[in-house]
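Written out below as structure tokens is the structure these notes cover.
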Amino acid sequence: MDWVGVLSDAMRDTGWFFIGYSLLINTSFLVLTACAVVDFRDYLRRQDFAAYDESFGEPMAPGISILMPAYNESAGIVESVSAMTSLRYPDFEVVVVDDGSTDDTADVLVEAFDMVEVPIVVPSRIETTGSVTATYLSRKGSHNIVLVKKTNGGKADALNVGINAARKALVCMVDADSMLEPDALLHVSRPFADDPERVVATGGVVRVANGSAIQGGRVTAIRMPGRWLPRVQVVEYLRAFLVGRTGWSRMRGLLIISGAFGLFRRDILLEVGGLATDCIGEDAELVVRLHRWLGDNGIDGRVVSVAEPVAWTEAPESRQVLRKQRRRWHRGLTEILLKHRGMLFRRRYGVIGMITLPWFVAFELLAPFLEIFGVVYLGVVVLLYGAESAGWSHPDLVDENVVWLLLCTSLLYAAVLSLCSLVVEELSFRRYQGMRDLAIAIWAAVEENFGYRQISAWWRVGGAVEAVRGTSHDWGDMQRRGLGK
Amino acid sequence: MKEVAQHLLQVFGALATLLVVLLVLLRVVRKVLRRRRETRAHELRGLLLTALLGEPGEQQVAGDELRGRRGRAWVKVEAQAFALLPKIKGDSRSALVELLLSRGAEGHAAADARSRSQVRRARGAYRLGSLEQPASAPMLAGLLHDRHFLVRRSAVRALGQVGDATYADALLDAVVADHTLTRDAVAALVRLGPAAAPVLSHALADGLVNGDDEHRLTLAARGLGLLGDVVSTTVLVDALSREAYPHLRVAAAEALGLIGSPEAVQPLVRTLYEEDAALRVAVADALGAVSDPSGVPGLAMVLDLNTHEASRAVASALLRLGEPGLRVLGASESPYAAEALAVQRVRQTA
């Protein structure tokens, strides 16, 4: 066989490999979408008879400690805490952990909430690197705001101190810049009351608040953002967080709960040793470790995604910030999958070990690498095709059909999936109600596949490489623009 | 091959176009429908409120107009009325129930409850509960073991609303079969009221003798506590001592705290030394809730011998026991004593 034949075969086989991979990844997502549809249908059907309003006054509502780690957040911390204190829930406290801020975060809290120093006992049930220097209690309202000042140790360490200091049975982890809807705690805690012996953690859906109107730490009018990066991320969050995680939850294979809004049983967190401080995706790692702990101890536990409670978050609007976020996310995922690779294909971890983790390795961890190789492949194909057309190279090097098939299965199929997610959202929660919002969302579902996906893949490859090389990570500053300001 | 690629391209292109059209159609149609529904609901709500709260003459006219509706028009009235029922009380509620019953709403709900559709069965159960007619109880009890969770949950809640205490036992059985109904069953038992207490007490006493399912016993104990049934103190004290039932012991301690009978103090104090941390927390909380000073010496002995949660609970309990408890806390070097006293000072100065 001459070199032309070898090259032609190689190009065709590579093309078929990418086609097969695209088909598998997109079809698996279609299955997740179908599972999510079933879940939403059940959820919406039961709404009329589920007596959600009655939950508020019921005797079995477990107490919740909302943990808010803060580092140099004096500008927005008072508004964030105020928004938390006005949530609808019968028994909760807000525990702010000031992780050695160098600004006046603690001082503004003490002044705003009329706090006094109180010797609250913070045991060392979970080992922490930072040490507690003072604890405060608010004299305002129902005295349910606690401030714990500690020396700097990082976000995971601050959360671990918060878990130690928490006084309620459930612990809610919320990013300082997340905004919870008023009934979010009522909804996200329901699975614990419904099935108290089995449910160990629940996660709420995270949505993008960019473009929406915000007042007093609350989203008051929901709108699609007009700018490129945020609007694409809205669709991305819908597909991955709302549809994807609900689908996994339906299959009892939910691997990750977002750090932006998760609720956990405190006794279980103490049992597993809290959050890992040596891992970048500490929130996701915690949930994987929970699964591992459940499997190792033969406990029939559940991690559940609840679609209705919503935490609104600010998505990065600049490429620099988004790049940092995506590198960090993928580095975190890589570290988690490496750390817990022993769970792969192990029956004792159930759906997580047999399906979810292998899926994450094949279609999350490796996807950006294949995306980049796919782009390179297409580049080579286009060059060869151009050369063929100009008569500079041998004809038949490029199989036109394989190229078209690849474009169909990777780009068009993905765009169709994003549109399916929009249809699911339209039929279920329909948070974005204007025609303009719909037009932007449809456009974003298509444009996401041309440019954004590829850039994002490149950043994620960087994150995975960082994790494997173990290089130190530049956390940097997320430089959020500030919502509602 | 070329044909396959072209075909696939066409399929995906058509699918994408179809989805976009579907999205736009859904948005437009649902918007129009919602607006129309809201307008109708507004008009109906106004009519219903006039029938319930208007001047006597207006009430008559509005009531007649509502009763005069037939077919789908009445179905809408019924839906609106059932949506309004949980939001009103007293005479207005009775009048609305009467209006619904006068047009056969109970029969309609019962027909729904027998439907093949799980959603209709759940709706039927919900509506039967809202009407609070004791005659519906047997049908609702039959739905407690429906194959669909949604129906079971609606039936549990509805039985609580109907208020026939003889079905408390059926609620306990439903939870044994499906633990995820616990929260709803507790709410239902509380709604059944004091009349359910003898049934629960009997279920607990018999269950302890027969070695019944722990979940059933725990639910019975929890119900007795929430109903504040003083008569059940003895059987709850018995339950507190059953080492084979760890969850039941916690529920019994909580119940004894809610009931507040001084007879429970010494059995609770004796349980303070148990190994189960959750039990110790529940016992300390209960002693605080009973607020009988005879619990002070026992609590003082274990103030510093406990886990974090239990020590905190013991200190809080001492705080609630008045002067003798405060003296113990003041004299103690326990950090939990200092915490409890400091928190109390904050509450007093606020």
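Going down the list, the protein sequences come from chains E and B.
Here my numbering is used: the first residue of the first sequence is 15, the next is one more, and so on.
Here my numbering is used: the first residue of the second sequence is 21, the next is one more, and so on.
Every residue, glycine too, gets a C-beta built ideally from N, C-alpha and C.
Predicted model, so just to flag it, every value in this text is computed and none were measured.
- Listed along chain E, the residues sitting closer than 7 Å to P355/B by beta-carbon distance are P133 and V135.
- Chain-ordered listing is empty here: chain B has no CB closer than 8 Å to the CB of M187/E, the nearest sitting near 20 Å.
- Under the three-state reduction of DSSP, C293/E is assigned to coil, being neither helix nor strand.
- Rounded to the nearest whole angstrom, the CA to CA distance from A190/B to L58/E is 28 Å.
- Between P76/E and V210/B, the CB-CB gap reaches or exceeds 9 Å.
- When the beta-carbon positions are compared, A179/E and T149/E come within less than 9 Å of each other.
- Residues of the same chain with a CB within less than 8 Å of the CB of L173/E, apart from the 5 flanking positions on each side, are L81, P83, V111, M187, G288, L289 and E296 in chain order.
- The alpha helix (DSSP H) runs lying completely inside the region 203–283 of chain B and spanning 4 residues or more are 217–230, 234–247, 253–260 and 266–279, given in chain order.
- When secondary structure is reduced to three states using DSSP, T165/E falls in the coil class, being assigned neither helix nor strand.
- With 16 or more neighbouring CB atoms inside 10 Å of its own CB, T99/E falls in the buried class.
- Exposed is the label assigned to T59/B, since fewer than 16 other Cβ atoms lie within 10 Å of its Cβ.
- Interface annotation, L426/E: in contact with chain B, CB-CB separation under 9 Å.
- Following the DSSP letters along the chain, one finds L101/E in no beta strand (DSSP E), marked with neither H nor E.
- At least one CB atom of chain B sits nearer than 9 Å to the CB of W418/E.
- In this structure the region 250–259 of chain B lies against the region 218–227 of chain B, because at least three pairs of beta carbons, one per stretch, are closer than 8 Å.
- Distance from the CA atom of D324/B to the CA atom of L346/B, rounded to whole angstroms, is 16 Å.
- Looking only at L419/E, C422/E and S96/E, the smallest Cα-Cα distance to G155/E is reached by S96/E.
- Straight through space, the alpha carbons of R316/E and R306/E are spaced by roughly 12 Å.
- Beyond the five residues adjoining it in sequence on each side, V206/B comes within less than 8 Å, by CB distance, of L239, R242, G243 and L246 in the same chain, given in chain order.
- Judged by DSSP secondary structure, M368/E falls outside any alpha helix (DSSP H); it is assigned neither H nor E.
- Contact annotation: G276/E and A321/E have beta-carbon atoms that are not nearer than 9 Å.
- Going by DSSP, F275/E is part of the beta strand (DSSP E) stretching over F275 to R279.
- A straight-line Cα-Cα distance of about 57 Å links E98/B and L319/B.
- Per DSSP, D113/E lies in no alpha helix (DSSP H); the unbroken beta strand (DSSP E) holding it starts and ends at F106 to D113.
- With contacts defined by Cβ atoms closer than 9 Å, V363/B and V132/E form a contacting pair.
- Where C434/E is concerned, the enclosing alpha helix (DSSP H) starts and stops at Y427 to L441.
- For E331/E, no beta strand (DSSP E) run applies, since DSSP gives it neither H nor E.
- The DSSP-derived three-state label of T147/E is strand.
- Bridge pairing for L194/E: A325/E [DSSP].
- The three-state reading of DSSP puts L380/E in coil, since its state is none of H, G, I, E or B.
- Annotated as distal: A325/E and D105/E, with beta-carbon spacing of 9 Å or more.
- With respect to chain E, the C-beta atom of K96/B has no partner C-beta closer than 9 Å.
- Collapsing the DSSP output to three states places R153/E in coil.
- At a cut-off of 9 Å between beta carbons, E480/E makes no contact with chain B.
- Rounded to the nearest whole angstrom, the CA to CA distance from R264/E to F255/E is 13 Å.
- According to the DSSP assignment, T234/E belongs to no alpha helix (DSSP H) but to the beta strand (DSSP E) extending over R232 to A235.
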